[in-house]
Structure formats: C-alpha cells, structure tokens
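Novice:
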Amino acid sequence: MPIEHSQIANWAIAEGWPGTSKHIPLTQATFPALLELPGHYSYCMGESGAAPLGFGQIWLNQANGTTNLVRVLIDPQRRGQGLGKLLCRLLLAEANRISPGQAVKLRVYRGNHAAVSVYRALGFETVVGESNAEVLAMASRKC
1 MPIEHSQIAN WAIAEGWPGT SKHIPLTQAT FPALLELPGH YSYCMGESGA
51 APLGFGQIWL NQANGTTNLV RVLIDPQRRG QGLGKLLCRL LLAEANRISP
101 GQAVKLRVYR GNHAAVSVYR ALGFETVVGE SNAEVLAMAS RKC
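For reference, each letter of the sequence shown is one residue, going 1 to 143 in our numbering.
1. Out of curiosity, what's the CA-to-CA distance linking Ala-133 and Arg-110?
2. Would DSSP call Glu-4 helix, strand or coil?
3. Could you check if Gly-16 belongs to the surroundings of the ligand ADP, using beta carbon to heavy atom distance under 7 Å?
4. What three-state label does DSSP hand Ser-21 in the structure shown?
5. Please classify Ser-140 as buried or exposed, where buried requires at least 16 neighbouring CB atoms within 10 angstroms.
6. Is the stretch 11-31 close to the stretch 58-65, with three or more CB pairs under 8 Å?
7. State the Cα-Cα distance for the pair Ser-182 and Pro-2, rounded to the nearest angstrom.
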C-alpha cells in the first residue's frame, strides 16, 4: 500500500470510520477496498512529494441519482488551518465537473462542529427529513 494510503488509513481508523459497511471495522488491510467501491472517486490533497494533507471521496450513487461528498478527512495535525474548506471546495468543483448541475449531499456527525461549520460556510443546508439524532444530512444548492 502506498505510504499516503497508510497515513490516511491511520487518520480514518483513529476517527472510528467503518470499513466498506457499518459493521466491518476499518483496518490498514481493508482501507484499499474503500478506494475501489463502485461509483466512488477518491482524492488526496497535498503538495507534490510531501505527506498528504487531506482525503475525500465523491460518490455518484446510481441507485438514487445523487452526488455525495463522503469520507472527508484532514490530517489531524493540520486541522484549524482552513484545509477542510479548501478540500471541500476542490471536491465540489470536481463533483460539478463529473456531475454538472447536480446538488451535492453529505452526512456528518452532529457533534463534528468544525465540519458542520465548513459545510454551512460553503452553502450546505440541513435536510431535516434525512437527518437523525446522531447524523446531520446536508445538501448544497446546485453547483
């Protein structure tokens, strides 16, 4: 596994991410499977030759025709520097390129106040009917 995949997997494991389903724990060994999920486009943000700064995926869900930001993560040592907002802007631009004119959806733990703040600053709004006590569903206006 490339070193950047190993670093990103370590961040994700520390955050308690599930593997390819909610009931399969994420490990270094199962992380590559997340990169191969159908309809998922994976992006690593960083400077050439340097350690990764962030990771995110765009999921084109063929079952319901939605475009989703999923598994967005910033290096824990680099949080609070605006990198989350930058990564999300880049992901939104890419989502618009591969799925023009579609609104983009995401789900975020309500307690992740920094992420919720970033998403709101980028124009995401709460989707009440798709949210629950633990997770906030959000959608952007059309790109």
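Each residue gets a CB set at the ideal place from its N, CA and C atoms; glycine is no exception. Being a predicted model, the structure only gives us computed values, none of them experimental.
Specialist: For this structure:
1. 8 Å
2. Looking at Glu-4 - three-state DSSP - the assignment turns out to be helix.
3. Absence of the ligand ADP from the depicted structure is noted, as is the absence of any ligand whatsoever, leaving it without description.
4. coil
5. Label assigned to Ser-140: buried.
6. no
7. Residue coverage of the chain in this structure runs from 1 to 143, which leaves residue 182 outside it and unanswerable.
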